[in-house]
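Taken in sequence, the protein lines are chains A and B. Sequential numbering from 1 applies to the first sequence in the numbering used here. Sequential numbering from 319 applies to the second sequence in the numbering used here. Where is the CB? At the ideal position from N, CA and C, for every residue including glycine. The structure under discussion appears below in the form of structure tokens.
2 protein chains.
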Amino acid sequence: MADTSTDITTVACVGAGVIGGGWAAHFLARGYRVRAWDPAPDAEAKLRRIVDGAWPALTELGLADGASRDNLTVLPTLAEAVDGAGFVQESAPEDLDLKRTLLADIDAVTPSDVVIASSTSGFPMTDMATTAANPARLVVGHPFNPPYLIPLVEVVGGEKSERWAVEQASAFYRHVGKSVITMDRELPGFIANRLQEALWREALHMVAEGEATVEQIDTAITDGPGLRWPVHGPCLTFHLAGGEGGMAHMLDHFGPSLEAPWTRLTAPDLTKQLRDDMVAGCESEADGRSIAELVAERDRAVIAVQRAVAESRGRADG
Amino acid sequence: MADTSTDITTVACVGAGVIGGGWAAHFLARGYRVRAWDPAPDAEAKLRRIVDGAWPALTELGLADGASRDNLTVLPTLAEAVDGAGFVQESAPEDLDLKRTLLADIDAVTPSDVVIASSTSGFPMTDMATTAANPARLVVGHPFNPPYLIPLVEVVGGEKSERWAVEQASAFYRHVGKSVITMDRELPGFIANRLQEALWREALHMVAEGEATVEQIDTAITDGPGLRWPVHGPCLTFHLAGGEGGMAHMLDHFGPSLEAPWTRLTAPDLTKQLRDDMVAGCESEADGRSIAELVAERDRAVIAVQRAVAESRGRADG
């Protein structure tokens, strides 16, 4: 099937809380018409507050030609919201039964060649698509809060999703400026939320046990590893922790720490295969950049990140 | 005991790999004399490469009066390295037996009123101080790579460490520009590494099982949650995920996800106490800033972080 993602002019946002409202703001800023529906009685006021709150940031980033908050219409019914939409983004609360029913309802009123994407934080589409009549075009399109600023969207289909729907969703998200990871297998929590959730659960355990305070946990990240993660990600970060020996040296040196009780999560066996896969993955990602070049890149970026955060806080106080 | 941290003019760096070398660069940039020792035959050349590699970043950040790479001396013996030092930073490989022996050796040649801090990534000092004659002044001072850029240092004593040593180490690190978390109890991996290690182990599991590639994992963080973590930390980030209801709404809404298989790490029971502690911690950290104000702060900062990283990469390519 041809890529029709560039023909889309109207997006339906079903569910208009923090995530649905953030999506609406993003699509509006990219010049789309947005038709929204949410069953909550105060939904429209809340949605417009979210969009208004996002607009200064989106204006700062640069609006697309024709972008306007006037292109947002809140409709009284689901059927009216999806009418004329070339893409549907569902962002309902994280409740499996609710998602099943809602996706079946959206499916029933939406032409079968329109992709319906769910913002679910972690349910596999196979589990959500059980009651929809046309599951072929149902996919996960998982964003990060706020969807109008954080580029990542994870796209993955369920057992009954067809390849064209996964491809069209990925192409559409890329077209609207997103960084897309298209997964070829379902995994609860996808990729980023599995990583983030492991950290979050360790944090909750620590607070529950009185091992650290909320503030210590946040400072530990904002003033520590959090400064590196926008730059290189956890694997490439540790590639640099190995010094001139890179990931290979790092795993050979810190490998024994995997058996230490540094977190409640037990580690996998550091087999030769896993070691080699990590080393090869880092070398592929480094794409010819030496450790020294990556260190220089990281240093420039970490300084710039620190300054950016400090200046933003200064402006907040000022 | 009076705070003598401002009287220190010379620091001994024992172990001169990536971490020890990074510490040396930081102390040099802050105007200290650094005396280094490392048993590796090529240690001095490697150390000077690390310092030279760090110097452009440190110059960009602004050197202290009198700061110079000429203030680095590499000594042939441990005893000579600690001679005249007002603070000792040990950064040997992460091996418990090695650390025990080395800390006892450092202890034997260093005046007993000088604090000796270990850069260990996760060993409690109680486990490392078993063979030292004067464990009172042995503390953990755990930095993050690179120590010359990432502000966080976690300070914690062992059972035999005395309070003055913990306080003096904390004061000294603050004096040299660090963000210090002083912990009042020992915990393997301290705080930041427990959080980081949980994420890292989940990543290793995913690669081991073929669930994600190294590159997908890094992109999931750099283009996703990694953009928020220098700004607000994991707790305050999720305070904003709850919309106008904050952490309370977030836990009430996403609480059930804690039972979902989103990571291999099982979650703690979300007791009323834990829920209330998380809510109170976020409110304390927010320090009067409304959700709307925090959202505006985050939005400004995330845009600035993205631009900073993009520009740093642009300079790397150019």
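Classification of residue i by the beta-carbon crowding that lies within 10 angstroms, buried from 16 upward
| i | result |
| --- | --- |
| A:P323 | Because chain A spans 1 through 318 in this model, residue 323 of chain A falls outside it and cannot be assessed. |
| B:L467 | buried |
| B:K496 | buried |
| B:M319 | In this predicted model, B:M319 has a pLDDT of only 47, less than 50, meaning its place in the structure is not dependable; the value taken from the coordinates is given anyway. Classification for B:M319: exposed. |
| B:R582 | buried |
| B:D617 | buried |
| A:Q168 | buried |
| B:R348 | buried |
| A:E197 | buried |
| B:G340 | buried |
| A:A81 | buried |
| A:G391 | The requested residue 391 of chain A does not occur in the structure, where chain A is confined to residues 1 to 318. |
| B:K590 | exposed |
| B:L545 | buried |
| B:D325 | exposed |
| A:D386 | Residue numbering for chain A in the displayed model covers 1 to 318; residue 386 of chain A lies beyond these limits and cannot be assessed. |
| B:D502 | exposed |
| B:P429 | exposed |
| B:T395 | exposed |
| A:D38 | buried |
| B:D536 | buried |
| B:E577 | exposed |
| B:P548 | buried |
| A:D107 | buried |
| B:E527 | exposed |
| B:L505 | buried |
Neighbouring residues, chain A, relative to residue i (Cβ below 9 Å)
| i | result |
| --- | --- |
| B:A610 | R49, G53 |
| B:I621 | A57, E60, L61, L149, A308, S312 |
Cross-chain neighbours of residue i in chain B, by beta carbon under 9 Å
| i | result |
| --- | --- |
| A:L28 | Within 9 Å Cβ-Cβ: nothing; A:L28 doesn't reach chain B, min ~15 Å. |
| A:F144 | D541, G542, P543, L545, R546 |
Between the CA atoms of residue j and residue i - distance to the nearest angstrom
| i | j | result |
| --- | --- | --- |
| A:I181 | A:H239 | 22 Å |
| B:E408 | B:V427 | 14 Å |
| A:E211 | A:R163 | 47 Å |
| A:I221 | A:W200 | 11 Å |
| A:L368 | B:H523 | Outside the shown range of chain A (1 to 318) lies residue 368 of chain A, about which nothing can therefore be said. |
| B:A435 | B:V471 | 11 Å |
| B:G335 | B:P374 | 19 Å |
| B:R366 | B:A610 | 48 Å |
| A:G62 | A:A104 | 36 Å |
| A:V166 | A:F172 | 10 Å |
| A:S121 | A:E94 | 7 Å |
| A:D113 | A:D65 | 27 Å |
| A:E60 | A:V51 | 14 Å |
| A:L294 | B:V532 | 16 Å |
| B:T328 | A:G314 | 34 Å |
| B:A634 | B:R418 | Because B:A634 carries a pLDDT of 49, less than 50, the predicted location of this residue cannot be relied on, and no value is offered for it. |
| B:A354 | B:S488 | 22 Å |
| B:Y350 | B:A342 | 9 Å |
| A:G243 | B:V457 | 25 Å |
| B:F508 | A:S312 | 29 Å |
Cross-strand partners of residue i (DSSP beta bridge)
| i | result |
| --- | --- |
| B:R353 | B:A330, B:T391 |
| A:I19 | Answer is none; A:I19 lacks a bridge partner. |
| B:I434 | B:V406, B:L456 |
| A:G157 | A:V139 |
| A:L294 | Paired residue(s): none; A:L294 is not in a bridge. |
| B:L470 | B:S497 |
Chain A residues whose Cβ lies nearer than 8 Å to that of residue i
| i | result |
| --- | --- |
| B:F405 | Per Cβ cutoff of 8 Å: no residues; B:F405 is ~21 Å from chain A at best. |
| B:R418 | Those do not exist, as B:R418 stays about 15 Å from chain A at its closest Cβ, beyond 8 Å. |
Chain-ordered neighbours of residue i on chain A, where CB pairs are closer than 7 Å
| i | result |
| --- | --- |
| B:P469 | D223 |
| B:E603 | V214, E215, D218 |
| B:N511 | W262 |
| B:E520 | R194, L195, A198, L265 |
| B:M596 | V207, V214 |
| B:E485 | Near B:E485 there are no residues of chain A at all, since even the closest Cβ is about 17 Å away, more than 7 Å. |
Under 8 Å from the C-beta of residue i: neighbouring residues of chain B
| i | result |
| --- | --- |
| A:C282 | V532 |
| A:H232 | D536, T540 |
| A:C321 | Missing from the structure shown is residue 321 of chain A; chain A here goes from 1 to 318 and no further. |
| A:F254 | E412, S439 |
Within chain B, the residues that residue i reaches when beta carbons sit closer than 7 Å
| i | result |
| --- | --- |
| A:L321 | Because chain A spans 1 through 318 in this model, residue 321 of chain A falls outside it and cannot be assessed. |
| A:H175 | The premise fails here: A:H175 is roughly 16 Å from chain B at the closest Cβ pair, so nothing lies under 7 Å. |
| A:G243 | G335, V336 |
Any non-hydrogen atom of the ligand PLP within 7 Å of residue i CB
| i | result |
| --- | --- |
| A:L258 | Questions concerning the ligand PLP fall outside what the structure shown contains, since it holds no ligand whatsoever. |
Note down, one range per segment and in chain order, each alpha helix (DSSP H) of at least 4 residues found wholly within the segment 489–571 of chain B. With a minimum length of 4 residues, the continuous alpha helix (DSSP H) runs that stay inside the segment 489–571 of chain B are 510–526, 532–540, 551–559.
Just to confirm the assignment: which complete alpha helix (DSSP H) runs, minimum length 4, are found wholly within the segment 44–95 of chain A? 78–82
Can you list, in chain order, the stretches of the alpha helix (DSSP H) that have 4 or more residues and sit fully within the segment 267–291 of chain A? 272–286
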